[in-house]
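What follows is one structure encoded as structure tokens, with my remarks underneath.
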Amino acid sequence: MHKVTLALAHASIVAMLAACAGVPAAFGPTPATARVNADGLFGSLNARFTNVSRTPRYARARELLGRHALTPSALYNDSTVWTAYSTDGTRTLFGDATASNGRYVFTNVPNSTPLNAPGDGRHIVRLRKLSDSDYEWFTGVDFATGRITANDFNNVITRWLASSEGRDARAIRADYSSTFPRTTAALGKLFTLDTLISVRGADGVNTLYVGVHLTPNTIRATLPDYAQFMDKYANRAKLRFSLVDASGAKWLDGASRDGNITLKLRSRGGHFAPLEGAPRAMPDTLSLRLDMTAKFGIFTVGVERLTGEWVNVRSEHERGWSMRFTKEPSWVLPPA
529 MHKVTLALAH
539 ASIVAMLAAC
549 AGVPAAFGPT
559 PATARVNADG
569 LFGSLNARFT
579 NVSRTPRYAR
589 ARELLGRHAL
599 TPSALYNDST
609 VWTAYSTDGT
619 RTLFGDATAS
629 NGRYVFTNVP
639 NSTPLNAPGD
649 GRHIVRLRKL
659 SDSDYEWFTG
669 VDFATGRITA
679 NDFNNVITRW
689 LASSEGRDAR
699 AIRADYSSTF
709 PRTTAALGKL
719 FTLDTLISVR
729 GADGVNTLYV
739 GVHLTPNTIR
749 ATLPDYAQFM
759 DKYANRAKLR
769 FSLVDASGAK
779 WLDGASRDGN
789 ITLKLRSRGG
799 HFAPLEGAPR
809 AMPDTLSLRL
819 DMTAKFGIFT
829 VGVERLTGEW
839 VNVRSEHERG
849 WSMRFTKEPS
859 WVLPPA
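Count along the sequence shown from 1, then add 528; that gives the number in my numbering.
So this is what it looks like as structure tokens:
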């Protein structure tokens, strides 16, 4: 059983927006293996978002974690939240998620357990007390995606990046529509790909700019609750992020505001390139810079100038990202 982090697995959905006919073959060394791997990956994602439920104790712990994320002292000694205690004073919540009888169920468990079936998830939340007023949060999520190997998944991302290189928007749109007609139709119910610009420079580096617009009104008749959720949260959230290396060069730039999502990247030969300057290999460690706010009722809550370390995780059985934030950002909080 191979796994990638849940966040990286979600990147495959983005791949669908700009995929070419060559992307499916990258899922495995042979057509038969590629089909099995793709079925396992997308079947796992389907299970993850089908009839999600939580046991009462897990739901309560999740509620408290959200409520006191910025006031961890209120949670530190709450025995209803944690499932394990370490000698160094660390509190841990272990959560297992499994697909069973048409539902995806989250439950508390006393320790970390292996992932046995596609769609299985393992969630870990740790709180460590550093001093009377300082605490450290750690969150980890593993997600089982079937038989696809980490290298095969890496090949999918590489092939996706390469698929736009040297091709204009018309060719890319025609390709993903014919290669993934049902996926295009399904995603088209909630998203419109308003802008797609692909330009290859003289140095062989391709610049890709994507602009996507959320359209909850198109699903309101069939999925009214989901449309309301998107209106309430996604369309009212503001996000700006970039990945920057030690020299100050940007490697990825994205934003979301009023339901409009934009992404800019450059690549050559299926590998990321800096947004400016000559192409070179992406460093394993970069800096993530983030501004993010959301509306809750009449209040705006979030962070500005949040900076953290971003590490690309590459091992035999994993592809993922590790993020660590040790500098306090500028908080956007209600006046109270």
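Every residue, glycine too, gets a C-beta built ideally from N, C-alpha and C.
Checklist entry - Of the choices L593, A809, G556 and A627, whose alpha-carbon is the least far from that of A575? => result A627
Next on the checklist: Taking its Cβ as the centre, do 16 or more other Cβ atoms sit within 10 Å of P744, making it buried, or is it exposed?
Outcome noted: Burial call: buried.
Next on the checklist: Output needed for F634: all residues of its chain with C-beta closer than 6 Å, excluding positions within five of it in sequence on either side, in chain order.
Outcome noted: R582, Y586, G623 and A625
Checklist entry - Unbroken beta strand (DSSP E) runs of length 3 or more, entirely within the segment 784-811: which are they? => result Along the length of the segment 784-811, whole beta strand (DSSP E) runs at least 3 residues long occupy 788-796 and 799-801, reported in chain order.
Checklist entry - Is DSSP giving F757 helix, strand or coil here? => result helix
Next on the checklist: Please classify V551 as buried or exposed, where buried requires at least 16 other C-beta atoms within 10 Å of its C-beta.
Outcome noted: When all chains shown are included, V551 counts as buried.
Checklist entry - Under a three-way DSSP split, which group does G568 fall into? => result It is helical.
Item to check | Run of the alpha helix (DSSP H) containing D680, from where it starts to where it stops | outcome: D680 -> alpha helix (DSSP H) spans A678 to S691.
Checklist entry - Is F555 closer than 8 Å to D680 when the C-beta atoms are compared? => result yes
Next on the checklist: Within 8 Å, do at least three Cβ pairs link the segment 795-802 to the segment 671-691?
Outcome noted: Output reads yes: the segment 795-802 touches the segment 671-691.
Next on the checklist: Quick check on the DSSP output: the alpha helix (DSSP H) that includes D731 runs from which residue to which?
Outcome noted: Note, D731: premise wrong, no alpha helix (DSSP H); not H, not E.
Item to check | Span of the beta strand (DSSP E) around S706 | outcome: Unbroken run through S706 is the alpha helix (DSSP H), A697 to T707; no beta strand (DSSP E).
Checklist entry - Apart from the five residues on each side of it in sequence, which residues of its chain come closer than 8 Å, Cβ to Cβ, to T835? => result S815, L816, R817, L818, F853, K855 and P857
Checklist entry - For the segment 803-810 against the segment 777-790, are there 3 or more C-beta pairs whose distance is under 8 Å? => result yes
Item to check | For R768, three-class secondary structure by DSSP | outcome: strand
Next on the checklist: Which residue marks the beginning of the alpha helix (DSSP H) containing A589, and which one marks its end?
Outcome noted: Where A589 is concerned, the enclosing alpha helix (DSSP H) stretches over P584 to R595.
Item to check | Bridge partner(s) assigned by DSSP for S573 | outcome: The sequence shown places Leu at residue 573, rather than the Ser named in the question. L573 pairs with nothing; no bridge assigned.
Next on the checklist: Tell me the rounded alpha-carbon separation between A713 and V669.
Outcome noted: 30 Å
Item to check | Exposure label - L861; buried when at least 16 CB within 10 Å | outcome: exposed
Checklist entry - Who are the Cβ neighbours of H651 in its own chain at under 6 Å, not counting the five residues just before and after it? => result G623 and V669
Checklist entry - For I541, does the count of other Cβ atoms within 10 angstroms reach 16, so buried, or fall short, so exposed? => result Low local confidence applies: a pLDDT of 43 at I541 is under 50, so the model's placement there is unreliable, with the coordinate-based value given in what follows. It counts as exposed.
Checklist entry - Expressed to the nearest angstrom, what Euclidean distance is found between the alpha-carbon atoms of V609 and V564? => result Straight-line Cα distance between these residues: approximately 39 Å.
Next on the checklist: Let's test the definition: count the other Cβ atoms within 10 Å of the Cβ of P802 and tell me whether it reaches 16, buried, or not, exposed.
Outcome noted: buried
Checklist entry - So, is E804 buried or exposed, given that buried needs 16 or more other C-beta atoms within 10 angstroms? => result exposed
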